[in-house]
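Structure record follows, encoded as structure tokens.
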Ligand code: NAP
Ligand code: ZN
Ligand code: ZN
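Numbering (the working numbering), first residue to last: 19 to 373.
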């Protein structure tokens, strides 16, 4: 197979700084879109994976799944993109299934046949590498079906985080009916949390942010929070009891769920999207029973709903609040993310890798 070289930043083990890595991208097939990566967001999942906080990392590991690029070439069967177009890619780049009920419903991330090919650290069925390599790279080649259209109206760097932080919070907000008349809580003001606030607010819900960082309260209000509660303050949490219809929990570290289930109204749902290295303590069952409340989880979002979210954001002018960095600043960004010092998404400008 004819491949093309790409420059990337990779983790080579669970503790060393990321460093440059030369890899091969496949030559675009009939259904492929080849593009230069302009910007790539830095998700906490990148850190969990690069540092082997989750099982199964294959090194070298090239993270990155909040990708905005510019198309350089397309295969003969591609109909929606041409050279020069803007393109966006999120957490999935392919599927080996496309036929099960979930795939047919546009929920490829829940493929019943485990066919989802993630943007990095997934088996690469096209053989250009042992695993897929993500967006911390100069260019990529992706199946058209997994390429999204992104409006030219949105700043491409600030829009990049929509591809994971945006869709991962949009999907549960929509599924659980966030909108006018609904009271929505968001836990954690990082990359996902700040997008959850912006999106819930734009959907018309009344929003409450739960944060461990008192210093983020003013920003939270600016980002769309109607109310802010410091989650370490037991009195403040008690005041929120039985007040919310839905809570989207984006916390990246193990934490107590009971003050959160307690904040739900009857029939409310606490939806976990954070995937901490060490699990959360088991929740109190009585909190669920006395209130018919539920705890659920949600995984990214399907391609169709990702496009809907991108179109909604273009219409409403919703993008992330970002801090732009160079590829060689990723480790610094990871260190700051671990200290909850992110305001509110790092985005790598890939220009240095494109040379
Ligand atoms: P992030 O930017 O680092 O934000 C996480 C936030 O959680 C922090 O800013 C902090 O907010 C809060 N936090 C951190 N440690 C805490 C602790 N010990 N107790 C309470 N709160 C704490 O991370 P992210 O990129 O938004 O990702 C968040 C999580 O979602 C990660 O685990 C990531 O892997 C996961 N994720 C899941 C999906 C999915 O499909 N389900 C998709 C993407 C990411 P405050 O300072 O406001 O307290
Ligand atoms: Zn992510
Ligand atoms: Zn499937």
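We treat Cβ as the ideally placed atom computed from N, Cα and C, and that holds for glycine.
Burial of residue 187 is indicated by the presence of at least 16 other C-beta atoms within 10 angstroms of its C-beta. For residue 207, there is no enclosing alpha helix (DSSP H), as DSSP gives it neither H nor E.
Approximately 14 Å separates the beta-carbon atoms of residue 190 and residue 269; this is outside 8 Å, ruling out the contact. Around the C-beta of residue 308, fewer than 16 other C-beta atoms lie within 10 Å, and the residue is accordingly described as exposed. DSSP places residue 330 in the uninterrupted alpha helix (DSSP H) bounded by 321 to 334.
Contact between the region 19 to 26 and the region 149 to 169 is established, with three or more Cβ pairs separated by less than 8 Å. DSSP, reduced to helix, strand and coil, places residue 27 within a strand of the structure shown. DSSP links residue 224 through a beta bridge to 201. Between ligand 1 and residue 340, a heavy atom-to-CB distance of less than 8 Å is absent. Of the candidates 36, 354, 112 and 32, the residue whose Cα lies closest to the Cα of residue 346 is 36. If you compare the alpha carbons of 367, 218, 287 and 295 with that of residue 305, the shortest gap goes to 287. About 7 Å separates the Cβ atoms of residue 83 and residue 181, confirming a contact at the 8 Å cut-off.
Residues whose Cβ lies closer than 7 Å to any heavy atom of ligand 3, listed in chain order: 113, 115, 116, 117, 118, 120, 121, 126, 129, 130, 131 and 133. Counting along the chain, residue 238 sits inside the alpha helix (DSSP H) bounded by residues 235 to 241.
Annotation: residue 370 is outside any beta strand (DSSP E); the continuous alpha helix (DSSP H) that includes it extends over 369 to 372.
Under the three-state reduction of DSSP, residue 185 is assigned to helix. By alpha-carbon distance to residue 193, the top candidate from 236, 316, 373 and 272 is 316.
Taking a 10 Å sphere around the C-beta of residue 131, we find fewer than 16 other C-beta atoms and assign the residue as exposed.
Taking 8 Å as the upper bound for CB-CB distance, residue 226 and residue 203 are in contact here, some 5 Å apart. Placement of the Cβ of residue 64 at a distance of less than 8 Å from at least one heavy atom of ligand 2 is found. Inside the region 71 to 145, DSSP marks whole alpha helix (DSSP H) runs of 4 or more residues at positions 119 to 122, from first to last along the chain.
Look at residue 230 here: in three-state DSSP terms it is coil, with no helix or strand label. Going by C-alpha positions, residue 30 is about 7 Å away from residue 79.
The C-alpha of residue 111 lies about 16 Å from the C-alpha of residue 63. Under the three-state reduction of DSSP, residue 263 is assigned to strand.
Residues 248 of the same chain have their beta carbon placed closer than 6 Å to that of residue 232, with the five preceding and five following residues left out of the count. The region 88 to 102 makes no contact with the region 117 to 136; the number of CB pairs closer than 8 Å stays below 3.
Boundaries of the beta strand (DSSP E) harbouring residue 285: 282 to 290, taken from the DSSP string. Under the DSSP assignment, residue 307 falls in the alpha helix (DSSP H) whose first and last residues are 303 to 307.
A distance criterion of 8 Å places the beta-carbon of residue 362 in contact range of ligand 1, judged by its closest non-hydrogen atom.
At a Cβ-Cβ threshold of 9 Å, residue 301 and residue 318 do not count as neighbours. Counting only residues of its own chain and dropping the five nearest sequence neighbours on each side, residue 151 has a CB closer than 7 Å to the CB of 26, 41, 80 and 138.
For ligand 1, no non-hydrogen atom lies closer than 8 Å to the CB of residue 95. Setting aside the 5 residues that flank it on each side, residue 113 is surrounded in the same chain by 121, 126, 129, 133, 134 and 135, each with a C-beta closer than 7 Å to its C-beta; the list follows chain order. When 253, 292 and 296 are compared, the shortest CA-CA separation from residue 280 is found for 253. Between residue 361 and residue 329 the beta-carbon gap is near 27 Å, outside 8 Å, which marks them as no contact.
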